[in-house]
Amino acid sequence: MNANVKRTIAGAAAALLAASGVACGPGEPREVAEARRQIEEAWQGGPQLKVLVLTLAADHPGLPEADPLIDEALASPSFEMRREAVATLARWGTPGATDRIRPLLEDGNELVRRAAARALARLGDGSGRELLEKARRTAEGVLDTETCAALAAIGSRVCAEEAERDINSEDGVKVAAAAAALEAAGDDRARLVLRGALKAQHGERRAPVIEALGAIGGAEDVAAILPYARYRENVIAVIRALGRLGGDQAVAKLRTYLTAEDPVGRVEAAGALLRAGVLDDAVRKAIDAAVASDREEVRYRAAEALARAPEGTDVTAWLVRLAGDASAQVRRVAVTALADRGGDGALEGFRAAWQASREAQEGAAYTAALEALRGAARLDGEPARALLAEGLESPNWAHTIQAAFGLLEQQHRAAAAP
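Counting from 33, one number per residue, gives the positions in the sequence shown under the numbering used here.
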């Protein structure tokens, strides 16, 4: 929406709300009342704006101001709103979510029915199993990875069984989808099939097989995977798989890549070692070099590697540096990881990403700004509130809504504190 139009509507909505008695609550900061006004204003917009409100509400589970909007959307004549409300409830996972979603299995729109079935499966409810099994393949005949993951979550092996055939295909897209389905299954049979495909597949088609086996395999798979590191098309997949498998043999092999000539290989190895729980001087040196690299690809790989680091690994300082990177793509990955992790020092990264991205209307920079505001919402204190207040004044609707929800989340958290 045009910024001038947004400001005009904002003025009218604020006047109407003021006339109706909406004001700051007792001891409530003025920007919190403004946040409520902005959400109300956005909800008075068209269906697309309402869908945006629902999408961003998903980042703020259980927020009282968003809950009635979800109820309204579930009963809306707009299938886009019903579908988005279902997705938001699934992200929230709050008590009673399954009871609110289940009636949508009978919705008149097939897309909504499927969304409801996937959402329920994500929450451990198999009520929509039959719908999901019918939708397990795309129009192109490829296993749908999201649907297969949902089916695996409720114990269905239908995708894994069909993946046993697709995993040996000469179609790389089918192989990748089959590998993902087997990874989602994660059982002994899936591991056995992946081990067979490791030998049967070739070149780039083998890479997703290696990564899937790395995700669900055991220490005994390290020796089987190692020989494929000699192939250029497979070396990165091997490095990532070794990081997930862990163990002395995997760590020893990964250390050899820390001195590789290729900086991409070095940072991938450092990231894999982080994932395996190793953070020593050699790993720090490799990551420091990658974060300071003049090659965007290397910095991007560093951000991805840090995003995959396990909880408890102290990677905040590196992510903060990358959150203000000149590349919007690097910023997006880094600030998203920072928002997921939070912690001391994270606010510096959120502010850097916001300042570098706040003017963006689309693309990676636009997303980076949204993620900076999402991260700030999870922090307490005046500096985080000040950043959200800046977002509230943005001419970009998405940033305004995200900041508004963030301010409300902070306020409820403060009110609930002893």
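All residues carry an ideal CB built from backbone N, CA and C; glycine is no exception.
- Pairwise C-beta distances place the region 150 to 167 in contact with the region 114 to 125, as three or more of them are shorter than 8 Å.
- When the Cα atoms are used, Val144 and Ser325 turn out to be separated by approximately 46 Å.
- For a cut-off of 8 Å, the C-beta gap from Gly407 to Val367 is around 7 Å, short enough to register as a contact.
- In the three-state scheme derived from DSSP, where H, G and I count as helix and E and B as strand, Leu95 is classed as coil.
- Taken through DSSP and simplified to helix, strand or coil, Leu311 comes out as coil.
- In the DSSP annotation of this structure, Ile199 is not part of any alpha helix (DSSP H), being labelled neither H nor E.
- Taken through DSSP and simplified to helix, strand or coil, Arg262 comes out as helix.
- Measuring C-alpha to C-alpha distances from Ala358 to each of Pro342, Trp386, Leu370 and Gly377 identifies Trp386 as the nearest.
- Ala192 sits close to Ala217, with the two beta carbons spaced by under 9 Å.
- For Ala151, the enclosing alpha helix (DSSP H) covers residues Glu142 to Arg154.
- By the neighbour-count definition (other C-beta atoms within 10 Å, threshold 16), Asp412 is an exposed residue.
- In the assembly as shown, Glu138 is an exposed residue. Its beta-carbon has fewer than 16 other beta-carbons within 10 Å.
- Cβ-Cβ distances below 6 Å link Ser201 to Val207 in the same chain, with the five nearest sequence neighbours on each side left out; the list follows chain order.
- Relative to Leu277, the option among Pro295, Ala255 and Asp294 whose CA is nearest is Ala255.
- Assigned with DSSP and collapsed to three states, Arg340 falls in coil, not helix or strand.
- Taking Ala396 as the centre and dropping the five residues before and after it, the same chain places the C-beta of Ala360, Gln361 and Arg364 closer than 6 Å to its C-beta, in chain order.
- Distance between Ala151 and Gly246, taken at the CA atoms: about 27 Å.
- Under the three-state reduction of DSSP, Arg333 is assigned to helix.
- In the same chain as Thr291, and ignoring 5 residues on each side of it, no C-beta atom comes closer than 7 Å to its own.
- Judged by beta-carbon spacing, Val241 lies within the 9 Å limit of Ala211, meaning their Cβ atoms are closer than that value.
- Val296 is positioned such that its CB atom lies no closer than 9 Å to that of Arg237.
- For Gln76, no alpha helix (DSSP H) segment is defined, and its DSSP state is neither H nor E.
- Counted as a single uninterrupted DSSP element, the alpha helix (DSSP H) harbouring Glu178 occupies residues Thr177 to Ala185.
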